[in-house]
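K.L.:
Protein chains: 2
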Amino acid sequence: MYDELIAYINSQLSSELTEEEIALIKKTFKLKKLRKHQFLLQEGEVCQLAGFVVKGALKQYTVDENGKEDILGLYIENWWAGDRESYSKGTPSPFYIDAFEATEIMAVSAEDFTNYLSDQRFISELIRTLSERQSMQLLKRVYAAKTLSAEDRLADLEKNYPEFFQRFPQHIIASYLGMTKETLSRIRANSHRK
Amino acid sequence: MYDELIAYINSQLSSELTEEEIALIKKTFKLKKLRKHQFLLQEGEVCQLAGFVVKGALKQYTVDENGKEDILGLYIENWWAGDRESYSKGTPSPFYIDAFEATEIMAVSAEDFTNYLSDQRFISELIRTLSERQSMQLLKRVYAAKTLSAEDRLADLEKNYPEFFQRFPQHIIASYLGMTKETLSRIRANSHRK
DNA sequence: CGATTCTTTGAAAACAGTCAATCTGTGTGG
DNA sequence: CCACACAGATTGACTGTTTTCAAAGAATCG
Chain A
1 MYDELIAYIN
11 SQLSSELTEE
21 EIALIKKTFK
31 LKKLRKHQFL
41 LQEGEVCQLA
51 GFVVKGALKQ
61 YTVDENGKED
71 ILGLYIENWW
81 AGDRESYSKG
91 TPSPFYIDAF
101 EATEIMAVSA
111 EDFTNYLSDQ
121 RFISELIRTL
131 SERQSMQLLK
141 RVYAAKTLSA
151 EDRLADLEKN
161 YPEFFQRFPQ
171 HIIASYLGMT
181 KETLSRIRAN
191 SHRK
Chain B
1 MYDELIAYIN
11 SQLSSELTEE
21 EIALIKKTFK
31 LKKLRKHQFL
41 LQEGEVCQLA
51 GFVVKGALKQ
61 YTVDENGKED
71 ILGLYIENWW
81 AGDRESYSKG
91 TPSPFYIDAF
101 EATEIMAVSA
111 EDFTNYLSDQ
121 RFISELIRTL
131 SERQSMQLLK
141 RVYAAKTLSA
151 EDRLADLEKN
161 YPEFFQRFPQ
171 HIIASYLGMT
181 KETLSRIRAN
191 SHRK
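Chains A and B, in that order, are what the protein sequence lines are. Under the working numbering, the final residue of the first sequence carries the number 194; numbering is consecutive throughout. Under the working numbering, the final residue of the second sequence carries the number 194; numbering is consecutive throughout.
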């Protein structure tokens with residue numbers, strides 16, 4: 001049950017996890033199952049749980065005054081879900097995160113993280129690696145949103161994350177990319193014609 | 001000479017720096033002076049130096065095939081400058097970073113960082129805090145670029161980082177916000193009229 | 001001063017959004 | 001098994017914001 005998580009963490013470290021570290025992971029990470037549409041986090045709450053997606057898919061979003069969702073993140077297997085800032089500082093999160101399909105997460109509570117994990121060497125290395133990658137991905141998204149046309153943003157996503165198109169309907173992808181579903185549909189119609 | 005840096009780091013930590021840690025900072029951080037227009041990093045290079053801006057201002061940007069700069073980051077006093085991913089992995093950076101005015105940075109080489117700092121407790125805590133903040137800021141910028149109008153993006157920046165308007169000309173701010181200098185100029189003309 | 005660099009203004013064009021209607025597929029209950 | 005509801009995708013006409021291109025005006029620096 002911990003296989004995917006341990007394999008993933010090993011793949012991100014410069015040296016393999018020790019037996020003690022694996023024991024600590026098994027002690028602190030717990031399987032959390034979410035049904036479709038169930039929330040991992042709601043706006044205004046403190047993020048108590050963060051973890052590794054073993055199976056399933058989630059979306060992170062805000063809701064504006066008209067009730068329209070703005071998708072800020074999509075997470076599938078082998079991604080980490082949660083609001084890191086809220087989780088670590090204990091401040092209310094501005095985001096919703098919910099399961100887009102039945103989902104299983106290997107999750108740690110903020111309390112266990114502080115008590116058992118935060119001083120671990122392998123955790124420091126892991127966080128450093130993941131946060132570098134996340135910052136780079138976010139900066140690419142800033143660049144794309146600022147600078148690229150709707151067509152180029154779509155082409156980028158199709159190239160870099162083709163699996164999203166199997167997992168999420170077009171109107172979700174459109175919102176993630178910062179365009180309307182109509183625009184996304186038209187771009188696809190055009191590129192097919194070529 | 002190390003006062004600003006040490007005060008800043010202390011302000012970010014849960015407990016004050018010890019004498020040994022301060023000694024280590026003084027050993028590894030060195031003052032780097034940049035003249036106006038001098039590069040801290042150029043596209044294709046590996047980022048060898050990263051550090052804390054004591055005085056001055058820098059811009060981070062890419063250059064497209066037509067030579068047009070796209071500003072991705074602006075840094076002034078009390079910010080950190082450098083490409084973290086390139087710095088830590090030793091991979092070529094896609095960015096330029098140059099001094100927008102005469103600038104002083106307290107910088108560490110990637111080598112010294114690995115040899116002396118990366119295993120330090122206070123560095124782990126510092127990186128964790130800063131990277132959480134950076135991720136949050138970047139996600140806000142993704143949201144702004146995707147969702148807000150040019151007028152709202154400008155209002156946001158005026159509210160949250162008014163100091164930028166004292167330090168950078170309008171065409172640089174416009175590029176940072178993902179609009180043309182003409183649009184920025186027109187928005188200001190309109191809001192003045194009210 | 002003369003020369004960049006920065007900012008403003010105008011007119012036309014392009015891109016993407018909005019609103020509204022229709023079409024498609026899927027699954028559910030009678 | 002059919003009818004219906006529902007979520008998702010497409011299409012058309014129209015609107016509005018922002019860009020592009022061009023020119024000129026203002027400010028700053030050597």
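From the three backbone atoms N, C-alpha and C, an ideal C-beta is built for every residue, glycine too.
Using the C-alpha atoms, what's the distance from residue 78/A back to residue 25/A?
P.N.:
The residue labelled residue 25/A in the question sits at position 25 within the first sequence. The residue labelled residue 78/A in the question sits at position 78 within the first sequence. Rounded to the nearest angstrom, the two C-alpha atoms are 16 Å apart.
K.L.:
From the beta carbon of residue 51/B, is the nearest beta carbon of chain A less than 8 Å away?
P.N.:
Sequence index remark: in the second sequence, residue 51/B carries index 51 (1-based). False, the Cβ-Cβ gap to chain A never drops below 8 Å.
K.L.:
Since residue 41/B sits in a beta bridge, which residues does DSSP pair it with?
P.N.:
Within the second sequence, residue 41/B is the residue found at index 41, counting from 1. 97/B.
K.L.:
Is it buried or exposed for residue 141/B, if we count other Cβ within 10 angstroms and need 16 for buried?
P.N.:
Within the second sequence, numbered from 1, the residue matching residue 141/B stands at position 141. Per the 10 Å Cβ criterion, buried.
K.L.:
In chain B, what lies closer than 8 Å to residue 143/A by C-beta?
P.N.:
Locating residue 143/A in the first sequence gives position 143, counting from the first residue. In chain order: 62, 70, 72.
K.L.:
Just checking my contact of residue 18/A with residue 116/A at CB under 8 Å: how many whole Å lie between their CB atoms?
P.N.:
Position 18 of the first sequence, counted from the start, is the residue given in the question as residue 18/A. Position 116 of the first sequence, counted from the start, is the residue given in the question as residue 116/A. Not confirmed; about 15 Å, so no contact.
K.L.:
Taking 8 Å as the limit between beta carbons, can you name the residues of its chain near residue 5/A, skipping five residues before and five after?
P.N.:
Locating residue 5/A in the first sequence gives position 5, where the first residue counts as 1. Here the set comprises 25, 29, 52, 54, 106.
K.L.:
Can you check DSSP and say which residues form a bridge with residue 1/A?
P.N.:
For the purposes of this step, residue 1/A is taken as residue 1 along the first sequence, with counting starting at 1. Bridge partners of residue 1/A: none, in fact.
K.L.:
I need the straight-line Cα distance from residue 185/A to residue 170/A, nearest angstrom please.
P.N.:
Your numbering for residue 185/A matches position 185 in the first sequence. Your numbering for residue 170/A matches position 170 in the first sequence. In a straight line, the C-alpha of residue 185/A is about 8 Å away from that of residue 170/A.
K.L.:
Does residue 109/B come out as helix, strand or coil in the three-state DSSP assignment?
P.N.:
Taking the second sequence and counting its residues from 1, the one referred to as residue 109/B is at position 109. In the structure shown, residue 109/B sits in a strand (DSSP, three-state: E or B).
K.L.:
What do you get for residue 23/B, buried or exposed, if any count of 16 or more other CB atoms within 10 angstroms of its CB means buried?
P.N.:
The residue given as residue 23/B occupies position 23 in the second sequence. By the neighbour-count rule (16 or more Cβ atoms within 10 Å), residue 23/B is not buried but exposed.
K.L.:
Considering only their Cβ atoms, is the gap separating residue 88/A from residue 132/B smaller than 8 Å?
P.N.:
Translated into positions along the second sequence, residue 132/B becomes position 132. Translated into positions along the first sequence, residue 88/A becomes position 88. Contact flag set, yes.
K.L.:
Determine contact between the region 29-46 of chain A and the region 79-99 of chain A, defined as no fewer than three beta-carbon pairs at a distance below 8 Å.
P.N.:
The region 29-46 of chain A vs the region 79-99 of chain A: in contact.
K.L.:
Quick one: Cα of residue 137/A to Cα of residue 73/A, how far?
P.N.:
Your numbering for residue 137/A matches position 137 in the first sequence. Your numbering for residue 73/A matches position 73 in the first sequence. Taking the straight line joining both Cα atoms gives about 11 Å.
K.L.:
What residues in its chain sit with their C-beta under 8 Å from that of residue 91/B, if we drop five residues either side in the sequence?
P.N.:
Sequence index remark: in the second sequence, residue 91/B carries index 91 (1-based). Hits under 8 Å: 46, 85.
K.L.:
Quick check on DSSP: helix, strand or coil for residue 6/B?
P.N.:
Here residue 6/B is taken as the residue at index 6 of the second sequence, counted from 1. DSSP places residue 6/B in helix when its eight states are reduced to three.
K.L.:
State the start and end residues of the unbroken alpha helix (DSSP H) segment that holds residue 75/A.
P.N.:
Numbered from 1 along the first sequence, position 75 holds the residue referred to as residue 75/A. Note, residue 75/A: premise wrong, no alpha helix (DSSP H); beta strand (DSSP E) at 69-75.
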